[in-house]
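*Asks:* Residue numbers (the numbering used here), protein chains in the order written: chain P, 103 to 309; chain D, 103 to 309; chain E, 103 to 309; chain V, 103 to 309; chain W, 103 to 309; chain Z, 103 to 309; chain S, 103 to 309; chain G, 103 to 309.
Where a beta carbon is used, it is the ideal one built from N, C-alpha and C, also for glycine.
Can you read through this structure? Questions will come right after.
Number of protein chains: 8
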Amino acid sequence: LRKGFPEVIFCQGKTVEQVAEIFKRLSRASDTNIIGTRASEEMFQAVKKHVPGAEYDAMSKMLMRRFSNTAKRGKVCVCSAGTADLPVAEEAALTCELMGNHVERIYDTGVAGIHRLLDQVDKISQANVIIVVAGMEGALPSVVGGLVDKPVIAVPTSVGYGASFHGLAALLGMLNSCASGVTVVNIDNGFGAGYAASLINKLAGDQ
Amino acid sequence: LRKGFPEVIFCQGKTVEQVAEIFKRLSRASDTNIIGTRASEEMFQAVKKHVPGAEYDAMSKMLMRRFSNTAKRGKVCVCSAGTADLPVAEEAALTCELMGNHVERIYDTGVAGIHRLLDQVDKISQANVIIVVAGMEGALPSVVGGLVDKPVIAVPTSVGYGASFHGLAALLGMLNSCASGVTVVNIDNGFGAGYAASLINKLAGDQ
Amino acid sequence: LRKGFPEVIFCQGKTVEQVAEIFKRLSRASDTNIIGTRASEEMFQAVKKHVPGAEYDAMSKMLMRRFSNTAKRGKVCVCSAGTADLPVAEEAALTCELMGNHVERIYDTGVAGIHRLLDQVDKISQANVIIVVAGMEGALPSVVGGLVDKPVIAVPTSVGYGASFHGLAALLGMLNSCASGVTVVNIDNGFGAGYAASLINKLAGDQ
Amino acid sequence: LRKGFPEVIFCQGKTVEQVAEIFKRLSRASDTNIIGTRASEEMFQAVKKHVPGAEYDAMSKMLMRRFSNTAKRGKVCVCSAGTADLPVAEEAALTCELMGNHVERIYDTGVAGIHRLLDQVDKISQANVIIVVAGMEGALPSVVGGLVDKPVIAVPTSVGYGASFHGLAALLGMLNSCASGVTVVNIDNGFGAGYAASLINKLAGDQ
Amino acid sequence: LRKGFPEVIFCQGKTVEQVAEIFKRLSRASDTNIIGTRASEEMFQAVKKHVPGAEYDAMSKMLMRRFSNTAKRGKVCVCSAGTADLPVAEEAALTCELMGNHVERIYDTGVAGIHRLLDQVDKISQANVIIVVAGMEGALPSVVGGLVDKPVIAVPTSVGYGASFHGLAALLGMLNSCASGVTVVNIDNGFGAGYAASLINKLAGDQ
Amino acid sequence: LRKGFPEVIFCQGKTVEQVAEIFKRLSRASDTNIIGTRASEEMFQAVKKHVPGAEYDAMSKMLMRRFSNTAKRGKVCVCSAGTADLPVAEEAALTCELMGNHVERIYDTGVAGIHRLLDQVDKISQANVIIVVAGMEGALPSVVGGLVDKPVIAVPTSVGYGASFHGLAALLGMLNSCASGVTVVNIDNGFGAGYAASLINKLAGDQ
Amino acid sequence: LRKGFPEVIFCQGKTVEQVAEIFKRLSRASDTNIIGTRASEEMFQAVKKHVPGAEYDAMSKMLMRRFSNTAKRGKVCVCSAGTADLPVAEEAALTCELMGNHVERIYDTGVAGIHRLLDQVDKISQANVIIVVAGMEGALPSVVGGLVDKPVIAVPTSVGYGASFHGLAALLGMLNSCASGVTVVNIDNGFGAGYAASLINKLAGDQ
Amino acid sequence: LRKGFPEVIFCQGKTVEQVAEIFKRLSRASDTNIIGTRASEEMFQAVKKHVPGAEYDAMSKMLMRRFSNTAKRGKVCVCSAGTADLPVAEEAALTCELMGNHVERIYDTGVAGIHRLLDQVDKISQANVIIVVAGMEGALPSVVGGLVDKPVIAVPTSVGYGASFHGLAALLGMLNSCASGVTVVNIDNGFGAGYAASLINKLAGDQ
Ligand SMILES: Nc1ncnc2c1ncn2[C@@H]1O[C@H](COP(=O)(O)O)[C@@H](O)[C@H]1O
Ligand SMILES: Nc1ncnc2c1ncn2[C@@H]1O[C@H](COP(=O)(O)O)[C@@H](O)[C@H]1O
Ligand SMILES: Nc1ncnc2c1ncn2[C@@H]1O[C@H](COP(=O)(O)O)[C@@H](O)[C@H]1O
Ligand SMILES: Nc1ncnc2c1ncn2[C@@H]1O[C@H](COP(=O)(O)O)[C@@H](O)[C@H]1O
Ligand SMILES: [Mg+2]
Ligand SMILES: [Mg+2]
Ligand SMILES: [Mg+2]
Ligand SMILES: [Mg+2]
Ligand SMILES: [Mg+2]
Ligand SMILES: [Mg+2]
Ligand SMILES: [Mg+2]
Ligand SMILES: [Mg+2]
């Protein structure tokens with residue numbers, strides 16, 4: 103294994119046949135979890151024929167082979183605000199789970215209803231790393247970053263319209279966060295956030 | 103008077119002589135308050151010779167003749183977070199005062215320290231209109247807009263560096279605010295926000 | 103109710119089932135007007151089964167339950183120029199109506215035919231707030247703002263082609279308006295303009 | 103002569119010596135008017151030593167040798183709104199004059215005070231071509247273009263701040279003009295507008 | 103008639119019914135040519151039922167009623183380089199014809215094959231106005247503008263890929279043209295170029 | 103202390119007096135390290151009068167009071183390539199040191215001379231977190247991220263010219279990194295990278 | 103023949119009939135190779151009827167008539183990293199082959215796995231010119247350029263999502279390459295890179 | 103020597119002391135030509151003390167130690183149009199000379215005066231590689247590329263104003279060149295063009 107972590111396939115831009123072929127090959131060659139991101143239902147059907155235990159999550163478009171006995175390290179928290187951000191948030195959360203982390207999902211918070219967020223601060227603070235997913239103005243990571251003393255990974259989403267410019271507004275907002283400890287990944291890159299969070303959480307050991 | 107409001111001179115891009123001349127002429131022709139925005143200290147010196155009661159506020163770069171008996175209507179609240187945003191916030195606040203509004207300044211709040219903001223919600227709620235000035239990621243208007251049921255005028259500032267792109271990040275953030283009731287003016291346009299807030303506050307009558 | 107106003111659902115990005123479910127729940131829990139923005143005809147059909155009195159406006163894509171006895175406050179005026187801007191203008195106008203405002207629609211004016219606009223100035227002036235919807239170069243709010251002494255909320259639309267860049271030209275034009283009293287919302291955000299206008303009009307009381 | 107028109111030197115980016123040398127050479131080689139655009143006072147001083155009749159206009163930064171008996175064709179009208187746009191407007195107007203056109207300057211009009219513009223429509227209509235200079239939102243050409251049936255050349259200026267992005271807002275506004283008959287030149291390019299207007303006016307003959 | 107010119111309908115963004123209705127009404131109310139730009143084949147079928155003499159040009163997507171005895175003024179030349187630019191070039195050419203101009207089409211020239219252009223210079227020079235249509239780098243107007251002493255109207259097209267950014271590269275190139283006498287219209291705006299060219303050509307009288 | 107970490111002052115945009123005053127106040131109120139970022143030499147002189155032990159690093163423009171007995175946790179590695187990136191790299195490195203981390207500086211590596219980087223891989227791999235600072239095309243974080251299994255924080259710098267657009271090229275490159283585990287901060291934000299790295303390194307305990 | 107090279111047709115934006123017609127005409131008029139770029143399968147079917155020996159490569163969308171006895175000059179190397187970049191890489195490689203060059207394809211290298219690239223350096227170094235195709239952050243040309251002393255032609259691809267902005271990130275990265283000897287073509291322009299590489303390789307003679 | 107070519111120092115962003123130190127060190131360690139790009143007069147004075155034979159070219163800001171017996175290979179041609187582009191053109195030309203190439207300078211050509219360019223085609227055609235330097239609309243490389251069958255390296259310059267956006271217009275124009283065989287370097291990067299041209303010319307041998 104290149105990294106001692108799951109094998110990962112970026113399915114977008116590959117044919118159904120290519121994905122099925124790679125998944126099959128990897129599932130034979132290794133006994134780790136396997137992640138296929140941005141996979142279609144059709145890819146899943148093709149993979150399932152060769153890899154019976156394969157699973158598919160339609161919301162995050164993730165294709166997975168996972169071992170139930172995956173060891174679990176300390177907690178990563180994934181926060182998001184809007185319904186439309188859920189696919190990205192779930193991509194991050196499932197990536198963390200398949201990489202051996204406990205995950206706490208907090209999906210009902212937004213900066214325009216700040217009290218719902220404040221009610222959850224204790225739960226958020228117990229995580230080693232916090233992933234914050236937000237579209238539109240992308241303000242949530244700044245607020246979360248100001249409330250906790252843990253590294254925050256901000257994920258802008260392309261959710262929005264008009265001057266959101268497909269996630270640019272959220273991206274710029276997060277890069278200019280006035281809270282310290284916030285770093286940023288590409289627009290809609292839930293996988294990247296989950297991967298980085300796992301590397302960080304691993305440093306904390308098996309607390 | 104064109105609008106039944108103060109006379110206004112946009113001093114930037116005019117010569118010291120032009121400003122002095124216009125200020126003198128207006129001060130003779132009318133007995134309303136006069137506002138000169140983006141004026142230099144030097145312009146003030148030139149104006150003072152002709153208009154003895156003229157005042158200058160170095161922070162907001164505003165040049166003013168104001169009548170102490172200006173009537174005062176209900177309250178406008180001006181919120182801002184960082185020290186560097188103060189010139190824009192003061193431009194908005196002074197504009198409101200010269201247009202006959204009571205002004206409440208709340209300058210010590212930022213989204214990365216949300217509790218300081220929450221402590222002031224009662225005071226903010228008593229205003230008819232709230233002007234929120236913010237640079238960097240421009241998240242403050244969304245949070246304020248979610249806490250109160252009054253019109254919020256958001257003013258992005260050019261404060262920041264790098265990917266703030268001279269206020270673009272804050273501008274886009276505010277335009278994409280997930281809180282309802284937020285409208286936006288140009289980057290650094292404290293005067294415009296103050297003027298619009300005054301038009302709105304005037305609707306509320308002398309409450 | 104979070105705001106003492108109608109309940110609002112942003113339907114875009116939600117499934118038909120989700121929208122029907124939320125609409126049903128809200129219609130039972132509250133006896134206020136309900137607004138669903140950016141809803142499809144199909145969502146309407148699904149909602150109608152549970153909420154018989156639901157209505158749908160195909161132009162603005164608004165899904166509504168409204169009570170005929172909604173109290174009406176003073177007037178909001180909605181101006182627009184081109185046929186293609188009507189969906190956004192109607193989103194603004196209907197939002198105002200469902201939030202309890204009298205609405206005056208003035209839809210036959212454009213800056214390239216200025217006399218048609220001038221003929222309507224008296225009518226426009228009687229409103230407490232004016233919403234101005236425009237695509238392409240977005241010049242209408244400046245002209246209207248110069249003619250009246252009321253707050254103007256400018257809504258850029260994505261109508262245009264080429265260097266309109268999906269509404270960017272209109273947005274920048276409005277942010278740089280040389281008329282005082284103009285504030286701006288996101289591209290195509292008729293709902294946001296209607297909501298802010300309602301908050302402002304409410305300040306004027308039941309004139 | 104390359105074009106049967108004045109000789110033109112773009113002085114910006116050249117040294118004082120280079121400008122003086124070119125001006126001297128051209129003034130000897132030809133007996134037409136000579137135009138130096140974007141010239142400094144210092145360049146003028148250097149040129150004057152060699153070309154006694156040379157003139158300099160500090161506002162437009164134009165350096166000229168002009169023959170008083172330049173023939174005059176029909177009228178070009180130059181409109182602008184703000185004081186800060188005058189340098190560009192004058193660059194256009196002087197270019198037209200040195201190319202043998204009658205010029206009508208109308209410098210006191212802006213879209214936020216539409217009646218001042220309407221008062222001048224008759225005068226504007228008498229020109230063969232209209233140059234309209236505007237910064238900020240750049241809305242003036244659309245209004246003028248709707249009032250007259252003559253070609254309109256729009257010149258965006260870099261006047262403004264914040265989201266004017268150094269003239270981009272005005273440029274985009276003008277390119278998206280909803281009035282027919284409007285064409286556009288580069289930001290601050292008064293010379294280019296004057297030159298094109300002269301070519302057009304020449305077509306109209308000596309009316 | 104608003105302008106003493108043809109009636110014009112911008113069909114894009116209107117329904118088939120709306121276009122048919124407007125076309126019918128205009129064809130009854132006036133006896134001038136009628137132009138519908140960006141019309142679909144389907145719109146044409148609907149219009150034909152009510153206006154038997156209506157014509158449709160599939161390349162330029164123009165819908166027309168034209169009178170064969172339209173008077174003809176002096177010549178407008180329309181140049182373009184690539185096959186993909188033809189729809190825009192034809193929109194310009196047909197607009198000119200319906201507005202009463204002789205049109206010379208020169209469609210086989212590009213800057214990468216400069217000699218084919220040079221072979222046509224005489225023909226181009228006989229026109230009063232030249233419309234130059236080009237996508238990709240948009241260099242053709244500069245070369246043409248340097249070869250003739252007539253006003254050049256440049257039309258950038260959205261033809262290209264990658265860093266053409268849907269016509270932005272051509273637009274910027276044309277605005278920065280180093281040849282004098284070039285003005286620019288919006289990306290793909292063949293109609294606007296044809297209209298402005300007609301206004302200019304009209305000045306030249308019936309030469 | 104808000105965060106149990108050093109006190110931090112963002113000096114840019116504050117006056118010399120303001121900085122001196124805040125530094126004095128903080129140095130009395132707390133016994134932690136104090137960091138002033140983007141401070142001028144002049145600010146240092148003013149601070150030194152009140153806080154004798156204050157230090158200044160001219161390259162990174164950091165103003166500091168630091169306690170020699172600051173505890174040291176596991177290692178953070180700071181990599182950069184060009185001489186011109188050093189101020190940002192040092193801002194990151196000093197921030198880490200003042201926050202109690204061991205720092206390994208690797209400043210002589212660039213992607214155009216990949217072997218110098220490969221020679222240092224062992225040293226880099228011993229750190230818990232790696233900060234990678236790069237301007238121009240910003241490719242270094244991808245290469246480093248591919249070589250190690252630790253979280254990488256990428257800092258784009260504004261070093262470059264032309265199409266670097268003041269750091270935009272580097273920023274976009276880093277956001278699109280094809281290596282997993284890379285997160286990004288604002289252009290030139292060495293402080294932010296150092297702060298986030300410290301939060302992460304703290305999780306690793308006192309290894 | 104204009105260039106003594108193959109005839110080339112840019113098929114995108116042409117109709118099936120136009121492409122078939124041009125291909126037929128060229129195949130009769132000349133006895134060189136013929137290249138049709140961005141052609142559809144359907145165009146191929148239409149061409150095959152008239153030009154029996156025509157071939158089609160579905161990956162690169164190239165339509166070709168090629169003579170097996172095409173002379174071969176020294177080697178061009180085409181490098182790329184990701185599966186999704188292959189269509190562009192193949193467009194470059196096939197263009198080179200049809201223009202008479204030996205081509206070495208190295209398609210399994212990326213900057214996040216630098217050792218696979220290093221293993222191939224000897225092979226790469228034997229080429230006269232290297233074409234490097236990359237999407238996302240576009241870092242590969244800098245690394246390759248630092249390893250070899252030959253001209254490198256960088257081709258950014260539109261592969262990526264979010265802040266890749268359809269290839270802009272890769273384009274800017276390549277333009278800012280810190281390795282000397284790198285030049286760049288338009289996004290996805292494999293043909294352009296292949297053509298330029300052939301011109302260069304031709305200079306090296308028949309080594 | 104890393105490349106068997108001159109040693110190169112990028113002086114911009116380094117102190118006078120750093121440049122002098124590096125120059126001294128390199129001049130002792132090697133007996134090749136040395137190039138310092140973007141050097142100031144002051145840097146030259148400091149270097150001269152240690153390296154007596156050092157030369158400085160104020161126009162291109164290049165600092166050099168060159169050996170008169172540098173061998174010369176076949177010809178590189180450097181074309182440019184405007185006076186303001188000369189510093190970049192000279193940076194390219196001198197780089198080529200110090201790397202052992204014959205250089206032909208053709209500095210009096212522009213696309214708006216195409217005949218002056220055509221007069222030089224024979225001379226241009228004798229070079230192995232052509233560097234074309236242009237600002238504003240950047241059209242020259244397309245025209246040159248269409249006239250010759252040699253590789254063309256296009257260098258956009260930041261010369262221009264308004265919508266040239268500091269060289270962006272020229273850069274985009276060149277990337278979209280409709281002539282085959284054109285590749286592009288960064289804005290103002292004369293050095294990079296000269297370096298790449300030298301690598302290419304070297305392939306041609308000592309013709
Ligand atoms: N067209 C719209 N644009 C922006 N925000 C909207 C729009 N329609 C509704 N909203 C907001 O979306 C919220 C509801 O979002 P949701 O809970 O996702 O349905 C409302 O409270 C409104 O503030
Ligand atoms: N293709 C076009 N691009 C821009 N403006 C156009 C176009 N075609 C027509 N127009 C303008 O649109 C107006 C008619 O618009 P409408 O009343 O919406 O049909 C005409 O007067 C023209 O000025
Ligand atoms: N270089 C920097 N870039 C971004 N944020 C910074 C920087 N230096 C300090 N800060 C932040 O600014 C805050 C202090 O701001 P202030 O209270 O205005 O001095 C600190 O808590 C840091 O989070
Ligand atoms: N004007 C320039 N633009 C871009 N890169 C340059 C320039 N001048 C020199 N270089 C590169 O910078 C390297 C030297 O950088 P440095 O070691 O920082 O002096 C050289 O090897 C060149 O590749
Ligand atoms: Mg924090
Ligand atoms: Mg609110
Ligand atoms: Mg007004
Ligand atoms: Mg008109
Ligand atoms: Mg000309
Ligand atoms: Mg890694
Ligand atoms: Mg190399
Ligand atoms: Mg060629």
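1. For the segment 128 to 163 of chain E, list the beta strand (DSSP E) runs that are entirely contained and at least 3 residues long, ordered along the chain.
2. Assuming the contact rule is C-beta atoms closer than 8 Å, Z/V284 and Z/A241 should be a hit. Round their C-beta distance to whole Å, please.
3. CA-CA distance, Z/S279 and S/M238?
4. Residues of the segment 246 to 274 of chain E in Cβ contact with chain D at a cutoff of 7 Å, in chain order, please.
5. Determine the chain D residues that contact Z/I136 at a beta-carbon separation under 8 Å, and present them in chain order.
6. Could you check what DSSP says for G/A195 in three-state terms: helix, strand or coil?
7. Chain Z partners of P/I302, CB-CB under 7 Å?
8. Could you tell me the distance, in whole angstroms, from the CA atom of D/P154 to the CA atom of V/G292?
9. What does W/K150 touch in chain E if you count any residue whose Cβ is under 7 Å from its own?
10. Of all the beta strand (DSSP E) runs that stay within the bounds of the segment 176 to 262 of chain D, which reach a length of 3 or more residues?
11. Counting only Cβ pairs nearer than 9 Å, list the residues of chain V close to G/A186.
12. Where does G/V111 sit, in a helix, a strand or coil, going by DSSP?
13. Spatial neighbours of V/E119 within its chain, please: CB distance less than 8 Å, with the 5 preceding and 5 following residues excluded, ordered by chain position.
14. Specify the secondary structure class of E/V286 as computed by DSSP and reduced to three states.
15. Based on the DSSP output, what are the partners of V/G166 in its beta bridges?
16. With distance defined between alpha-carbon atoms, name the residue in P/V231, P/L196, P/C179 nearest to P/E157.
17. Along the segment 281 to 292 of chain Z, where does the CB come closer than 7 Å to a CB of chain D? Name the residues.
18. Could you check whether the segment 230 to 237 of chain G touches the segment 251 to 259 of chain G, counting it as contact only if at least three pairs of C-beta atoms, one from each stretch, sit closer than 8 Å?
19. Three-state secondary structure (DSSP) at W/K126?
*Replies:* Considering the structure as presented:
1. 136 to 139, 157 to 159
2. About 11 Å separates the two Cβ atoms, so there is no contact after all.
3. The alpha-carbon atoms of Z/S279 and S/M238 are separated by roughly 7 Å.
4. D251, K252, P253, I255
5. Under the 8 Å cutoff, chain D gives no residues; its nearest Cβ is about 17 Å from Z/I136.
6. helix
7. P253, I302, L305
8. Answer to the nearest angstrom: the Cα atoms are 40 Å apart.
9. Chain E residues near W/K150: none, gap ~22 Å exceeds 7 Å.
10. 203 to 208, 231 to 236, 254 to 258
11. F112, Q114, G115, K116
12. The sequence given here has Ile at residue 111 of chain G, not Val. Note: G/I111 maps to strand in three-state DSSP.
13. A148
14. strand
15. With the sequence shown as reference, residue 166 of chain V is identified as Met, and Gly is not the correct amino acid for it. Partner(s): V/I137, V/E157.
16. P/L196
17. N288, I289, D290, N291
18. With a cut-off of 8 Å, the segment 251 to 259 of chain G and the segment 230 to 237 of chain G count as touching, because enough Cβ pairs lie within range.
19. helix
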